[in-house]
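Under the working numbering, think of the first position of the sequence shown as 596, with each following residue one higher.
Yeah, the Cβ is synthetic: ideal placement off N, Cα and C, and Gly gets one too.
In this text, all values refer to a predicted model and were calculated from it rather than measured experimentally.
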Amino acid sequence: MSAGARRFPAAVLPARGGDGGGAPLSGRDWRATVLGMHLVSAAVWALAVVTALVGDIDPGGRTVVLVTLGVLAAGYALAGAPAIADEHPVRAVVYLVVLVCCFAVLAWQAPSLLFLLFLAYPQVWFLVESPRPGVVWTVLLAAASLAAPLAAARDGGEARQALLSAGVGMVFSVALGIWVSRVLHQSRQRAELIEQLEATRAELAAAERERGVLAERERLAREVHDTLAQGYTSIVVLAQTAAAQLPDHPAAAGERLALIEEVARDNLAEARAVVAAFQPVALDDGTLVEALEQLAARFARETGLPVRVDTAALGEGPPLRRDEEIVLLRGAQEALTNVRRHAGATDVVVRLARGAGQVSVHVVDDGVGFDVVAARGAGLDGLRGRVEQAGGAVDVSSAPGEGTSVVVRVPAP
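This is the structure in structure tokens:
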């Protein structure tokens, strides 16, 4: 793989024709660099041809020089340029061999054209993939261009001058090439890091989406439990009562059937609310106190138990947010559902209070009670999860034979 294509992954150097950008060395920047190399190569090669034609070169060797320059141009067009721009490792080696051989010929026939080394040394580093082969090809190129001047030197001074000139050029080329290789290597590392960060970000986004889906499922499950399931429970209990009353008390059974229809309609409205916005129907056009009074009245009609709503301790204060009101109303619904199912109570109190930076709803019954530590239920667990999301807490106090108190608290504004 060539130096350009190999050193930059897709995140930094996109496929040919891509947009690039936004990385240590974008595809657009790299293409501009390669285009600059082509233009400079063409300009320097044209200057060398002009020099060969008008310069002080032996007429017999001028033809050899022009042919050599032609071979050098053809090698660059057919092997060097494709190797620089794209993935052609074989062509890179072919062009480097042509480069070394051509400079060996030019050094013998036209030493004045060795200014082409200004172009050849950078091309070496564009074609190799690591510093070691770059140093090797740079040394070979310097040796090929130095052999003729050394052989033609008339004394030690000229030889030393040739060695010094070639050595300075070679050292400068090696130093610059190693520096460029290090920069490109660091760019590759940064590009790989960017790819890893993007992959990690994608994984985190997928995990966040999955967590959001699970949270939405849990919320929907709580809404279904707190609304539809409780309504269906009321319908089942009322239907059983109506069936028992129908033979001997048809009028009372008719009242129960009418109440079943009312509860079913309310349940249908709650289902639509769950689909629409998860907001209880009772809070659509009323306050939390009115919603609790409606809940208590319907509970009393369904069960025959007296339910009192006490708001004496509510006092004055800023209104709650709608989500906090929903949490308190759902807490009262869950507590009353448990009273109907398990308590066997004769009196129930729903109390709304404000104090100590919080608003709370208390549902207290005088039923049979239960062991709070041993009890487990999806209703209370779901209620705790909902209340904790609102920054509140749920306290359940009970003991066998001593009734039950359920307190749902949310922070007050």
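Query: Three or more C-beta pairs under 8 Å: does that hold for the region 661-673 against the region 641-649?; Result: yes
Query: Cβ atoms of leucine 736 and isoleucine 679: under 9 Å apart, would you say?; Result: no
Query: Spatial neighbours of phenylalanine 950 within its chain, please: C-beta separation below 8 Å, excluding the five flanking residues on both sides.; Result: The displayed chain sequence assigns glycine, not phenylalanine, to residue 950. Counting only Cβ-Cβ distances below 8 Å, and skipping sequence neighbours, we find Ala908, Gly910.
Query: May I have the straight-line CA-CA distance separating proline 1006 from threonine 906, to the nearest angstrom?; Result: 18 Å
Query: Could you tell me the alpha carbon to alpha carbon distance between proline 619 and serine 782, rounded to whole angstroms?; Result: Legend: pLDDT at proline 619 = 45, less than 50; position of this residue unreliable, value from coordinates given subsequently. Spanning the two alpha carbons is a distance of roughly 6 Å.
Query: With a cut-off of 8 Å on the beta carbons, I'd call leucine 852 and glutamate 897 a contact; round off their distance for me.; Result: Not a contact, Cβ separation roughly 13 Å.
Query: Measure the alpha-carbon distance for leucine 931 versus arginine 806 and round it to whole angstroms.; Result: 32 Å
Query: Is any beta-carbon of chain B found at less than 9 Å from that of leucine 701?; Result: You won't find chain B in this structure, because it holds only one protein chain.
Query: Could you pull the start and end residues of the alpha helix (DSSP H) that aspartate 843 belongs to?; Result: No alpha helix (DSSP H) contains aspartate 843, which DSSP labels as neither H nor E.
Query: Compare the Cα-Cα distances from arginine 727 to each of Glu888, Gly962, Ala770 and report the closest residue.; Result: Ala770
Query: Three or more beta-carbon pairs under 8 Å between the region 925-944 and the region 957-967, yes or no?; Result: yes
Query: Is it true that the CB of leucine 947 sits closer than 9 Å to the CB of leucine 883?; Result: yes
Query: Using alpha carbons as the reference points, say which of Arg936, Val693, Leu634 lies closest to tyrosine 583.; Result: Past the edges of the chain, shown from 596 to 1008, lies residue 583, and the structure says nothing about it.
Query: Looking only at C-alpha atoms, which of Ser993, Val967, Leu714 sits nearest to glycine 631?; Result: Leu714
Query: Relative to the C-alpha of leucine 711, which candidate in Ser636, Val775, Pro684, Phe767 has its C-alpha closest?; Result: Ser636
Query: Given that a residue counts as buried once 16 or more other Cβ atoms are within 10 Å of its Cβ, and exposed if not, what is alanine 699?; Result: buried
Query: In its own chain, which residues sit with a C-beta less than 6 Å from the C-beta of serine 829, not counting the 5 before and 5 after it?; Result: Val858, Glu897
Query: So, is leucine 799 buried or exposed, given that buried needs 16 or more other C-beta atoms within 10 angstroms?; Result: exposed
Query: Who does valine 956 pair with in a DSSP beta bridge?; Result: Leu947, Val1003
Query: At the level of alpha carbons, what is the spacing between threonine 836 and alanine 892?; Result: 18 Å
Query: By DSSP's criteria, alanine 988 is part of a beta bridge. Which residues make up the other side?; Result: Arg1004
Query: Check whether the Cβ atoms of glycine 926 and valine 967 sit closer than 9 Å, and answer yes or no.; Result: no
Query: Using three-state DSSP, classify aspartate 905 as helix, strand or coil.; Result: strand
Query: Indicate whether glycine 980 and glutamate 813 have their beta-carbon atoms separated by less than 9 Å.; Result: yes
Query: Have a look at serine 725 and alanine 797 and give me their C-alpha separation to the nearest angstrom.; Result: 32 Å
Query: Whole angstroms are fine: how far does the CA of valine 719 sit from the CA of glycine 616?; Result: Any reading at glycine 616 must be qualified, since the residue scores a pLDDT of 38, below 50, and its modelled position is unreliable; the value itself is stated next. Looking at the two C-alpha atoms, the distance is approximately 26 Å.
Query: Roughly how far, in whole angstroms, is the beta-carbon of valine 689 from the beta-carbon of alanine 674, given that I think they are within contact range, below 8 Å?; Result: 5 Å
Query: Return the chain-ordered ranges of every alpha helix (DSSP H) run that is complete within the region 648-714 and spans a minimum of 4 residues.; Result: 654-670, 676-680, 684-704
Query: Please report the straight-line C-alpha distance between leucine 833 and leucine 841, rounded to a whole angstrom.; Result: 12 Å
Query: Taking a contact to mean a Cβ-Cβ separation below 9 Å, would you say valine 922 touches alanine 985 in this structure?; Result: yes
Query: Check the DSSP bridge columns for serine 993 and list the partner residues they point to.; Result: Thr999
Query: CB-CB under 6 Å to alanine 610, same chain, minus the five flanking residues each way: which ones, in chain order?; Result: Since pLDDT at alanine 610 reaches only 36, below the 50 mark, its modelled position is unreliable, and the value read off the structure follows with that caveat. Counting only Cβ-Cβ distances below 6 Å, and skipping sequence neighbours, we find nothing.
Query: Alanine 739 and valine 695 - do their beta-carbons sit closer together than 9 Å?; Result: yes
Query: Helix, strand or coil: which one does DSSP assign to valine 963?; Result: coil
Query: Using C-beta distances below 6 Å, list every residue in its chain close to alanine 988, excluding the 5 sequence neighbours before and after it, in chain order.; Result: Arg1004
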